[in-house]
Amino acid sequence: MPELPDVEGYRRVLDLCGSGHRITRIDVADAGVLRETTAPRLRKALVGRRVGAPERHGKWLLARTDGPTALLHFGMTGRLVAQAPTDPLAPHDRVTFVLDDDRQLRFRDQRKLKGIWLAEDEDGVDRLIGDQGPDALSVTPAQLDRLLAGRRGRIKSVLTDQSVVAGLGNLLADEILWRAGIRPSRPASDLAPGERRRLAGAMRSVLRASVKEGHVPARPSWLTGHRDDPDPVCPRSCGPMRRDRVSGRTTAWCPDCQGDPAPTSGRGPAA
2 MPELPDVEGY RRVLDLCGSG HRITRIDVAD AGVLRETTAP RLRKALVGRR
52 VGAPERHGKW LLARTDGPTA LLHFGMTGRL VAQAPTDPLA PHDRVTFVLD
102 DDRQLRFRDQ RKLKGIWLAE DEDGVDRLIG DQGPDALSVT PAQLDRLLAG
152 RRGRIKSVLT DQSVVAGLGN LLADEILWRA GIRPSRPASD LAPGERRRLA
202 GAMRSVLRAS VKEGHVPARP SWLTGHRDDP DPVCPRSCGP MRRDRVSGRT
252 TAWCPDCQGD PAPTSGRGPA A
């Protein structure tokens with residue numbers, strides 16, 4: 002499932018291949034990925050426009066032009082790929098943007114759970130993504146403190162709520178919480194100041210490493226590298242991991258690393 006690091010990778014693809022070029026044609030193979038717009042409206046709005054510097058907010062990619070903005074959300078299976086005109090269409094290439102150098106940017110999505118929106122101006126952009134929280138990559142420890150203040154939900158549910166923090170999904174949340182030594186089902190309001198500091202530090206380090214890779218890496222030293230094993234063991238070799246469901250999401254965690262803090266200290270378990 003594309004999360005913040007994946008979408009940042011797609012932003013780089015769009016910036017490298019699209020910025021400064023004009024859109025000469027838009028081929029819509031499947032209008033089922035167009036949201037609140039149609040193929041003729043998309044073509045009328047964007048063909049002939051010059052692509053500007055793209056932006057990302059959370060899991061949203063903003064394809065800026067010298068006119069309207071296309072907003073792309075990749076759902077569970079979406080991608081943005083750059084292709085040569087001689088490259089055959091893949092089975093799930095839904096929309097192709099042809100540029101003035103003949104390169105193509107293809108929105109590829111198997112399940113079509115999200116798609117492409119069109120905003121005529123900044124009010125339209127704000128209408129579509131104005132309810133998003135701050136981008137997770139820019140959240141400071143002090144800001145995270147404020148975001149968590151008074152939240153009664155489970156900490157994993159709060160972290161993956163895009164109106165609280167934009168960009169975190171299932172893999173990132175599990176990895177961050179494991180590194181911070183916090184059980185995913187803990188109430189967010191119960192976290193001690195030291196735990197919130199660890200959480201902010203873990204979020205920063207996990208996101209930076211993942212953005213560099215373009216995805217959440219399945220490294221042997223990461224929880225992500227073991228969560229799909231038949232009998233997963235914590236990368237710290239402290240014991241078996243568990244798989245539970247937290248707010249309907251499959252959640253991997255380690256009971257030894259992420260147990261409840263000692264009530265007398267208010268501190269989390271040692272890493």
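In our numbering, the protein residues as written are 2 to 272. Positions of the beta carbon are idealized from the N, C-alpha and C atoms, including for glycine. This one's a predicted model, so the numbers in the text were calculated from it and none came from an experiment.
Among V126, R42, L100 and R23, whose alpha-carbon lies nearest the alpha-carbon of Q56? Per the sequence presented here, residue 56 reads as Glu, with Gln not at that position. The shortest Cα separation from E56 among V126, R42, L100 and R23 belongs to V126.
Just verifying my parser: in three-state terms, what is the DSSP assignment at D146? helix
Given 8 Å, three or more beta-carbon pairs between the stretch 247-260 and the stretch 175-188: yes
How many angstroms separate the CA atom of P86 from the CA atom of R107? 11 Å
Helix, strand or coil for R246, going by three-state DSSP, please let me know. strand
Alpha-carbon to alpha-carbon, T39 and S139: 34 Å
The stretch 107-124 touching the stretch 88-95, judged by at least three CB pairs closer than 8 Å: yes
Entirely within the stretch 106-190 and at least 4 residues each: give me those alpha helix (DSSP H) ranges in chain order. 123-130, 142-149, 156-160 and 171-181
Spatial neighbours of K157 within its chain, please: CB distance less than 8 Å, with the 5 preceding and 5 following residues excluded, ordered by chain position. A174, D175, L178, P185, S186, V247, S248, R250 and T252
Just curious, the beta strand (DSSP E) that G76 is in, first and last residue? Premise fails: G76 is in no beta strand (DSSP E) and is neither H nor E.
Report the residue from T97, A219, L192 and R36 whose alpha carbon sits nearest the alpha carbon of G151. L192
From the DSSP secondary-structure annotation, give me the bridge partner or partners of E9. Beta-bridge pairing links E9 to no other residue.
How big is the Cα-Cα spacing for E9 and L17? 12 Å
Among Q105, W61, R104 and A32, which has the Cα closest to the Cα of G170? W61
When you compare only the Cα positions, how much space is there between R51 and G202? 39 Å
For L72, which of D102, G131 and G49 has the nearest alpha-carbon? G131
Find the nearest neighbour of V165 within the set G33, D230 and G59, judged by alpha-carbon distance. G59
Using CA atoms only, rank isn't needed, just tell me which of H74, F75, T97 and G76 is closest to A273. Residue 273 falls outside the range modelled here, since the chain spans only 2 to 272, and no answer is possible.
Assigned secondary structure, R1 (DSSP; H/G/I helix, E/B strand, else coil): In this structure the chain extends from 2 to 272, so residue 1 is not present and cannot be described.
If you draw a straight line from the alpha carbon of A64 to that of K213, how long is it in whole angstroms? 21 Å
Cβ pair P218, H227 closer than 8 Å: no
F75 and K113: beta carbons closer than 8 Å? no
Distance between K45 and T225 (C-alpha atoms, nearest Å): 43 Å
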